[in-house]
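Residue numbers (this note's numbering), protein chains in the order written: chain S, 3 to 339; chain A, 3 to 342.
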């Protein structure tokens, strides 16, 4: 299993324009130097709360948003310098599944047209071949191929997400970036779609970057998991390691905050409550970005120096000066809340 | 007179009469609630969780809505038949509600203090100054820093979690006996959700209010609820204590819900076992047991006869013909997967 895509120092700063003359009055540090790689055939889960930059990261990978800095190497080639034909070829290999199955399908197109559009744009095959392929795709995602002439409003949320998945599969991509693909769905439907994604991965040897805020969904689907906070990666590890031995205090509090559907576990465990809201990415804290809410912060070090994402165990990286697999000292936590 | 329950809902039915047909949004819901207790109402979208709560508060426009049956008694008085005037005295006073979306449930053009003071002036007859002072106390109570200056802010100046705190403060303004929370943490990030849950639990201990927690998140009810009501297609299908429902669930729909969840304590990867198919349209609810088309255990009887919500084991109720039968148990479900 080699690296399919390798990201180094990926950065996106959105300028803020204000006033009559659209003066540039600052920047949103949405993504600020992110390094990771996704191996061929694996699923990398990218988790974080709203505003952590996970969606922006995903959109940069498919070049919907142009990075401010950094490199993306896909299949050994620099994906950011691609132009024209090469860029088109790149886009065939990297596809996207959107969060909202209601907003991401054009209501005036039939599902046949929606799923077939990538084929038409990239001029793959004849009209007849395209129709055949569309029917195949609908079948693959568990929809009735005879429904090609129906419109999106005739389908439920789960079915629409299947349509979005069929569209993403149309060009036989290598990498699929899925941005919160199941968060708009009810649990029973969510489980159906997760199983479908699993099966498709095996069937077509797909690689996924799976972006989500739901930690148990990410745990279920991912081989490795990366955690983001305020534009930075704070921890990356194999899923088992990340969930059983988180090294970064943010990951630890995130995991402790997820309500577990088991009343006995819930009664016994201790929640690490983080004080306040995440700071604004317009004016992120100095040093470690988590230091303003961190239960184990040690000043002045954490406010002065930005911790590097360093290896704490084989294949396990964390960005904390004090990263180690420790249970957080509860008294310290209580005192800081 | 015998001691009345705080709230007693029996076989509540709220239907909507639309051009396309009758939508049976709530079609048989029963539960009761004691002081200081938390009832978790779970179910998927369209199962009638929110409509049943809004029916209690008389917030459903009628028409198109119509209460076609059932009763809801608050301290022995019927919430469904009392005059609008009496209802106004209860709403926001003795029974308060928190809505899902903290972004849209506050009025953007009024200052927080004014909105918070409204229930106080309305129900407690406070003047502007008293209401303002109490508003500061309430903001302080729900953990908003610098409360005395923040009462003068507008909703857009608050973050999502802070707005939900304001909503909670508003709901608690008059020390309600019942707090109905409709997906209060769904729009929030997990770390903020944890703060809000902690806050609600703390306030409940302090005020002794009963909470009806409506959510689709089984984790949240496992955390907060004393008892759980599971709803499907407008009906109550299972009702019991939190331990009964989580550790000895009796209805095949509840089994399906539990099996659909990715396990937090998973050590090996496996397939999820989702419920096959989709929830029915509430205009064309299947005859008999409404869950039978999706139920892997359905028999002929389920197609014809609607199972009543009945006591299967003491206080543990389920609406399934076979619940409690010695040979009826949750066995290895065949995973439906894509074929759903």
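Where is the CB? At the ideal position from N, CA and C, for every residue including glycine.
The region 202–221 of chain A makes no contact with the region 24–31 of chain A, as fewer than three CB pairs between them are under 8 Å. Collapsing the DSSP output to three states places residue 123 of chain S in a helix. About 29 Å separates the CB atoms of residue 193 of chain S and residue 318 of chain S; that is not less than 8 Å, and the two are not in contact. Of all residues in the region 256–279 of chain S, only 256, 259, 260, 261, 262, 263, 264, 265, 268, 273, 275, 276 and 279 come within less than 7 Å of chain A when Cβ atoms are compared, listed by chain position. For residue 81 of chain S, no alpha helix (DSSP H) run applies, since DSSP gives it neither H nor E.
In chain order, 280 make up the part of chain A whose C-beta sits under 8 Å from the C-beta of residue 160 of chain S. If you check the CB distance, residue 32 of chain S and residue 283 of chain S come in under 7 Å. Not flagged as an interface residue toward chain S: residue 236 of chain A, since no C-beta distance is shorter than 7 Å. Across the structure, residue 46 of chain A and residue 249 of chain A are spaced so that their CA atoms are roughly 20 Å apart. Under the Cβ distance rule, residue 159 of chain A does not count among the residues neighbouring chain S, no pair being separated by less than 7 Å. The Cβ-Cβ distance between residue 143 of chain S and residue 167 of chain S falls below 7 Å.
Rounded to the nearest angstrom, the gap between the Cα atoms of residue 78 of chain S and residue 126 of chain S is 25 Å.
Given a length threshold of 3 residues, each whole run of the beta strand (DSSP E) inside the region 91–177 of chain S is given here in chain order: 96–99. A distance of 7 Å or more separates the beta carbons of residue 300 of chain A and residue 252 of chain A. Here the region 227–238 of chain A makes no contact with the region 146–159 of chain S; the two share fewer than three CB pairs at distances below 8 Å.
Close CB contacts of residue 224 of chain S within its chain, under the 7 Å cut and outside five residues either way in sequence, are with 45, 46, 47, 212 and 241 (chain order). Every unbroken stretch of the beta strand (DSSP E) spanning 3 or more residues and falling wholly within the region 34–85 of chain A is given here in chain order: 40–44 and 67–76. With 16 or more other Cβ atoms from the protein chains shown falling within 10 Å of its own Cβ, residue 182 of chain A counts as buried. Against chain A, the CB of residue 188 of chain S has a partner CB under 7 Å away; the residue lies at that interface. Residue contact check for residue 194 of chain S against chain A: a CB pair falls below 7 Å.
Here residue 103 of chain A is not near residue 171 of chain A, since their CB atoms are 7 Å or more apart.
For residue 47 of chain A, the residues of chain S that pass the 7 Å Cβ criterion are 188, in the order they occur in the chain.
Proximity of the region 8–19 of chain A to the region 59–79 of chain A meets the contact definition, three or more beta-carbon pairs being nearer than 8 Å. Residues of the same chain with a CB within less than 6 Å of the CB of residue 76 of chain S, apart from the 5 flanking positions on each side, are 7 in chain order. Contact between the region 190–204 of chain S and the region 13–30 of chain S is not established, with fewer than three Cβ pairs separated by less than 8 Å. With contacts defined as CB atoms closer than 7 Å, residue 59 of chain A and residue 93 of chain A qualify as a contacting pair. By the rule that beta-carbons nearer than 7 Å mark a contact, residue 262 of chain A touches chain S. Nearest to residue 165 of chain S by C-alpha distance, out of S:124, S:120 and S:206, is S:120. The Cβ-Cβ distance between residue 192 of chain A and residue 42 of chain A does not fall below 7 Å.
Around the CB of residue 109 of chain S, fewer than 16 other CB atoms lie within 10 Å, so the residue is classed as exposed.
Beta-bridge analysis with DSSP links residue 5 of chain S to S:41.
Contact of residue 197 of chain A with chain S is assigned, a C-beta pair being separated by under 7 Å. Taking 7 Å as the threshold, the shortest C-beta distance from residue 220 of chain A to chain S falls below it.
Partner residues in the beta bridge of residue 179 of chain S, as assigned by DSSP, are S:98 and S:211. The Cβ atoms of residue 10 of chain A and residue 99 of chain A do not sit closer than 7 Å to each other. Residue 114 of chain S is positioned such that its CB atom lies no closer than 7 Å to that of residue 130 of chain S.
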